Each structure stands twice: as structure tokens, then as C-alpha cells.
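Student:
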Amino acid sequence: FFDDLSQNSMRTLLLVSCLAVAYGASPAPVKPSLVRGDTPQSRSAIAAKPSAALTAASAKGSPAVKKASLLAAAPGGFDYSLMLYFVFWYVGNAIYNLYNTMALKAVGGKHSGLTMTVSTMQLGVCTVYAGLLWLSNFNPITLLGLQKPSKMPLPQTTKGDLVATLPVGFCAAAAHSAGVFCLGADPLFGQIVKAGEPVLSAFVNTVFYGKPPSMAKVVCLFFIVAGVGFASLKKAATGGYQLKFDERALIFGLIGNSFAAFKGSENKKLMTKEGVKDRMGGVANQFALTEVFGFLISLPVMFATEYKKFPEFLSLLSSSKQLQVGLLMSGMSFYLYNELATMTIKKTGAVTASVANTAKRVVVLVFMSAVTGKALTDEQKIGAAIAIAFVMLYSVIDDLVKKFMPKKD
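Going left to right, the sequence shown walks through residues -24 to -1, 1 to 385 as mature numbering (1 follows the signal peptide of the UniProt record, and there is no 0) numbers them.
1) Helix or strand or just coil, what does DSSP make of Lys210?
2) Tell me the rounded alpha-carbon separation between Ile71 and Thr248.
3) Would you mind reading off the limits of the beta strand (DSSP E) that contains Tyr217?
4) Under 8 Å, with one C-beta from each stretch per pair, do the segment 82 to 100 and the segment 286 to 304 reach the 3-pair mark?
5) Beta-carbon within less than 8 Å of Phe184's beta-carbon, same chain only, minus the 5 sequence neighbours each way: which residues are those?
6) Using the C-alpha atoms, what's the distance from Lys124 back to Pro382?
7) Pro5: buried (16+ other C-beta within 10 angstroms of its C-beta) or exposed?
8) Cα separation between Cys102 and Phe157?
9) Taking 8 Å as the cut-off, decide whether the C-beta atoms of Phe263 and Asn314 are in contact.
10) Answer yes if the segment 162 to 180 comes into contact with the segment 197 to 212, meaning at least three C-beta pairs across the two stretches below 8 Å, and no otherwise.
11) Answer with buried or exposed for Arg12, where buried requires no fewer than 16 other C-beta atoms within 10 angstroms of its C-beta.
12) Does DSSP classify Asn115 as helix, strand or coil?
13) Does the segment 93 to 112 come close enough to the segment 143 to 160 that 3 or more CB-CB pairs lie under 8 Å?
14) Just to confirm before moving on: does the CB-CB distance between Lys323 and Leu58 stay below 8 Å?
15) Taking contact to mean at least 3 C-beta pairs separated by less than 8 Å, is the segment 138 to 155 in contact with the segment 339 to 352?
16) Who are the Cβ neighbours of Leu219 in its own chain at under 6 Å, not counting the five residues just before and after it?
17) Any heavy atom of the ligand SAM inside 7 Å of the beta-carbon of Leu99?
18) Rounding to the nearest angstrom, what Cα-Cα distance links Gly258 and Met319 in this structure?
19) Can you tell me which of the three DSSP states Ser126 falls into?
20) Assuming contact is defined by CB atoms lying nearer than 8 Å, are Ala192 and Asp374 in contact in what I supplied?
21) Using DSSP with H/G/I as helix, E/B as strand and the rest coil, what is Gln132?
22) Mind checking Pro188: buried by the 16 CB within 10 Å criterion, or exposed?
23) Nearest to Gly68 by alpha carbon, out of Phe279, Asn333, Ile358, Ala351?
24) Taking just the CA atoms, how far does Ala365 sit from Lys378?
25) Here's the rule I'm using: 16 or more other beta-carbon atoms within 10 Å means buried, otherwise exposed. How should Thr134 be labelled?
26) By how many angstroms is the C-alpha of Leu226 removed from the C-alpha of Phe279?
27) Mark His87 as exposed unless 16 or more other C-beta atoms lie within 10 angstroms of its C-beta, in which case mark it buried.
28) By the 10 Å Cβ neighbour count, where 16 or more other Cβ atoms means buried, how is Thr350 classified, buried or exposed?
29) Taking the runs of the beta strand (DSSP E) that are 3 residues or longer, which of them lie wholly in the segment 221 to 305?
30) Less than 6 Å between C-beta atoms, sequence neighbours within five positions excluded: which residues of the same chain meet that for Lys285?
31) Short of 7 Å in beta carbon distance, which residues of its chain neighbour Phe221, apart from the five on each side in sequence? Order them along the chain.
32) Give me, in chain order, the residues of the same chain whose beta-carbon lies closer than 7 Å to that of Gln98; leave out the 5 immediate sequence neighbours on both sides.
33) Residues in the same chain with beta-carbon distance under 8 Å from Thr281, minus the five sequence neighbours each way, listed in chain order, please.
34) If you compare alpha carbons, which of Ile358, Ile362, Ala361, Val340 is closest to Asn73?
35) In whole angstroms, what is the alpha-carbon distance linking Phe64 and Leu120?
36) Out of Lys210, Lys211, Leu176, which one is the CA nearest neighbour of Val194?
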């Protein structure tokens, strides 16, 4: 029974991952009947000469302007660049997990005493890359979506802006470091724990920001916790079940989820500050600044906790090709996949990106199981299926409830 159920669970979640990508890459069609003054003749004219329609419609925000821009920007109704961003986001995350595991193994694993150093050096790679982008005034990330590369000038931030960005950088550093500790302890169970991020997010937003989730979301949270709990079970020799999991992966996974929730809320607060968006100069600059601050904040923590092992790390770095490649590739892929994630949010919205992020967990979980050679137990498959499915439902439940709620007159 458990074999069939676990196989069906993973198949279902893989299907969900494909649907999520398709959902994000296919914008909702605009109904012509909803546009005032729409006629077959006007549609033909706009499709033939969108620039002429834009010129004729001088009023800002007029229906003709909106419609012409839609037709010009998305011929055929399919955004190929967005689809590619989703694909490379998934691929980048899988590559990060692979090379993060390689780097940690190169320094001796989870008990080596160099995990914080690996985490900090990854952010160091991110910082160097961000510096190169600013020096060249060139960001090639959009090439992955078959678009022209964009310019990336230095942000025109004030001293006050930088101070206001510090909490975001601190939370980003803590979330990343905790994530490295978590995945270094158990790459598979760590992914399952990280999938439960909405639970900690709901707690943080309720207690610290006064923004509790809806009752529908609270119901989903119980199932997410239940799924992670079930994934922690192991069948004993007596035939019963007992809790058995890597405590290090669980603890650091929960810490990472908490700081990720704080980071999201602090970032929203930062973006509401007047003029910050304009002075930062876009999402790419904002993300780059966050990574630079994360590295600078991680450095003193690294030296305070692992300074005795640092000479050993330098010796390994000079002699181990596995560590060199692992650090470079994990740092670069971490930067790129996170930048792609922010770009998909910008193009689709938080809900779609959240659904796609849920599907990403499935892809990475299956990928890491394959590359590490560590098979998921039946309990882990079923528990992961429950947790991840309800994380996806958590992302969309409020919108679904609104659709079925009776409309007020």
C-alpha cells in the first residue's frame, strides 16, 4: 500500500511542477468585450499597427493604449522569456544543491567545523560577481530569456538607504547560512523541512508584524506540519513507527525558514520607504546590495566561530579542486537562481511565483535523491507529498475562497 501511495504521490507532485511552470508562463487572456469601444475593425487596426494605435490614444491609461501594448508585447499570448526564466531558476537551484553538497564534502562534511566558512565564501563569490556587474554596467541575466542584456549602473543610495537595508542583509545572511547547515546535515530531509517555510512565515508575520494568515491558510498549515512530521517517521523493527530524523537538519531548517520570513517582511518595509526603489535602480541592484551586506555580516561570524580552522580551509582551498569548483559553482548558481526568482515574481506576481517555488521543491528533491544515491523512504515520499501539496494550496487558497464566496450586493 505504502509503495503504491508513495509512487503516486511523487508522480502527482511532478505533474504539479509542470502545471505550475505552465501557469506562470501563460498570462491570462484579455477579453475584448471588456474593453470599451472594442470592435472587430479596431482589433484589426491595433494588431496591424500597434504603434499607430498608441499614438492615437493620447489619454494616459486609455483602453486602446493598454490593449495595443498587450498585443505588441505578447504576440500569441505566450511569454517565452518567462518560461525560460522558470526553467533556469529550477536548473540553477538544482545545480546549487549539487555543488553545495560537493563543497561541504570537500571540507569534511557536517562535522568538519567549516560549514560557516563555506556559507560565507559562497556569499563572497556573490559579492565579487555583483561588483563585476557594477563595474561593467552590464547584467547578462536577461540573455537566459533570449532578451537583450540590461544595464546595471551603481545604485544611487543614500546613507539612510544603506542603514535601512542592513536588516534585510542580516536576515539574508542568516537564512543562507542556516540553509547550508541544514542541507549539509541531510540534503533530502533538509529540502522537506525547507518546504515548510509558510509555517514559520505565518508565525513571524503574526507575532512580529501583526499580519495573521486567513483561517483557510491556518488549516493548510496543520497539513504542512503533519506532512513534515510524517516524513520524520521510520518503521521500527517491532513493526511500529518512531520519530527518526537529523536533528541538525531540522533545527537549522527551522532557523533558516524563520529568517527567510523576516527577510521577506523587512524587504517589504524597505520598499515602502519613499524614493528607495528609484535610488536603488531596480530589482537587480536591490538583490546585489542584499548579497553584499550578507557577505559583510557573515565575515565576523565566520571568524568568531571557525577562526581556528581557517588555516586548514586555506590549505584545502589551494589543493582541492573539488572545493574550488564546489565553492565557485555553488556561489554563482546561488546568485543567479535567486535573481531569476526575483525576476519571475516581478513578471508574474507573488502567488504564481510561490506556486512555482513549491513545484521547484519537488524537482530539487527528486534530483538530489538521484545524485546522492540516497533513496527517499516511503514515509519521506508520502510526507513530502502532503507537505508540498499543501504549501502550494496555501499559496492560492485565499484566491480560491474568494471565487466561491457569494458576492455582496
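Ideal placement from N, C-alpha and C gives every residue a C-beta, glycine not left out. A quick note: this is a predicted structure, and the numbers were derived from the prediction, not measured.
Tutor: In short, the structure shows the following:
1) Taking the first residue of the sequence shown as 1, we reach residue 210 at position 234. DSSP places Lys210 in strand when its eight states are reduced to three.
2) Indexing the sequence shown from 1 puts residue 71 at position 95. Indexing the sequence shown from 1 puts residue 248 at position 272. Per the coordinates, the alpha-carbon of Ile71 lies some 34 Å from the alpha-carbon of Thr248.
3) One-based indexing of the sequence shown puts residue 217 at position 241. From DSSP, the beta strand (DSSP E) with Tyr217 extends over 217 to 219.
4) A contact exists between the segment 82 to 100 and the segment 286 to 304.
5) Walking along the sequence shown from the start, residue 184 turns up at place 208. Excluding positions up to five away in sequence, the list reads Phe238, Ser241.
6) One-based indexing of the sequence shown puts residue 382 at position 406. One-based indexing of the sequence shown puts residue 124 at position 148. CA-CA distance, Pro382 to Lys124, rounds to 46 Å.
7) Taking the sequence shown and counting its residues from 1, the one referred to as residue 5 is at position 29. Bear in mind that a pLDDT of 42 at Pro5, under 50, signals an unreliable position, so the number given afterwards is only what the model happens to contain. Pro5 is exposed by the Cβ-count criterion.
8) One-based indexing of the sequence shown puts residue 102 at position 126. One-based indexing of the sequence shown puts residue 157 at position 181. Cα to Cα, the separation comes out at about 18 Å.
9) Within the sequence shown, the letter at position 287 stands for residue 263. Within the sequence shown, the letter at position 338 stands for residue 314. Yes, these two residues count as a Cβ contact at 8 Å.
10) Note that the segment 197 to 212 touches the segment 162 to 180; at least 3 beta-carbon pairs, one per stretch, sit closer than 8 Å.
11) On the sequence shown, residue 12 is found 36 positions in, with the first residue counted as 1. Note that Arg12 scores a pLDDT of 42, beneath 50, so its modelled location is shaky and nothing firm can be said.
12) As a first step, residue 115 must be located in the sequence shown, where it is residue number 139. The three-state secondary structure of Asn115, taken from DSSP, is strand.
13) Output reads yes: the segment 93 to 112 touches the segment 143 to 160.
14) Walking along the sequence shown from the start, residue 323 turns up at place 347. Walking along the sequence shown from the start, residue 58 turns up at place 82. Result yes, Cβ atoms of Lys323 and Leu58 sit closer than 8 Å.
15) These segments do not touch.
16) Mapped onto the sequence shown, residue 219 falls at position 243. For Leu219, the CB contacts under 6 Å within the same chain, skipping 5 residues up- and downstream, are Ser208 in chain order.
17) The ligand SAM is not part of the structure shown, which contains no ligands of any sort.
18) The residue you call residue 258 lines up with position 282 of the sequence shown. The residue you call residue 319 lines up with position 343 of the sequence shown. Roughly 10 Å separates the two Cα atoms.
19) Locating residue 126 in the sequence shown gives position 150, where the first residue counts as 1. Looking at Ser126 - three-state DSSP - the assignment turns out to be strand.
20) Taking the sequence shown and counting its residues from 1, the one referred to as residue 192 is at position 216. Taking the sequence shown and counting its residues from 1, the one referred to as residue 374 is at position 398. Yes; because the gap between Cβ atoms is below 8 Å, this pair is in contact.
21) Residue numbering aside, residue 132 sits at position 156 when the sequence shown is read from its first letter. DSSP places Gln132 in coil when its eight states are reduced to three.
22) Indexing the sequence shown from 1 puts residue 188 at position 212. Pro188 sits exposed, since fewer than 16 C-beta atoms from the chains shown fall within 10 Å of its C-beta.
23) Sequence index remark: in the sequence shown, residue 68 carries index 92 (1-based). Residue Asn333 holds the alpha-carbon nearest to the alpha-carbon of Gly68 among Phe279, Asn333, Ile358, Ala351.
24) Residue 378 sits at position 402 when you count from the first residue of the sequence shown. Residue 365 sits at position 389 when you count from the first residue of the sequence shown. So the two alpha carbons sit approximately 20 Å from each other.
25) By 1-based counting over the sequence shown, the position of residue 134 is 158. Label assigned to Thr134: exposed.
26) Here the question's residue 279 lines up with position 303 in the sequence shown. Here the question's residue 226 lines up with position 250 in the sequence shown. Straight-line measurement puts the Cα of Leu226 at about 25 Å from the Cα of Phe279.
27) As a first step, residue 87 must be located in the sequence shown, where it is residue number 111. Exposed: under 16 other Cβ atoms inside 10 Å.
28) The residue given as residue 350 occupies position 374 in the sequence shown. First, the residue type needs correcting, since residue 350 is Lys and not Thr in the sequence shown. Result: exposed.
29) You should have found no qualifying run.
30) Indexing the sequence shown from 1 puts residue 285 at position 309. The answer, listed in chain order, is Gly89, Leu90.
31) Reading the sequence shown from its first residue, position 245 is the one you call residue 221. Residues Phe165, Ser208 of the same chain have their beta carbon placed closer than 7 Å to that of Phe221, with the five preceding and five following residues left out of the count.
32) Sequence index remark: in the sequence shown, residue 98 carries index 122 (1-based). In its chain, beyond the 5 residues on either side, Leu303, Ser306, Gly307, Phe310 have a beta carbon closer than 7 Å to the beta carbon of Gln98.
33) Residue mapping note: residue 281 aligns to position 305 of the sequence shown, counting from 1. Closer than 8 Å at the Cβ level, and outside the excluded window around Thr281, lie Met92.
34) The count along the sequence shown starts at 1 and reaches residue 73 at position 97. In terms of Cα proximity to Asn73, the closest of Ile358, Ile362, Ala361, Val340 is Val340.
35) Position 88 of the sequence shown, counting from 1, holds the residue named residue 64. Position 144 of the sequence shown, counting from 1, holds the residue named residue 120. Spanning the alpha carbons of Phe64 and Leu120 requires a straight line of approximately 7 Å.
36) Here residue 194 refers to the residue found at position 218 when the sequence shown is read from its first residue. Measuring from the Cα of Val194, the nearest candidate turns out to be Leu176.
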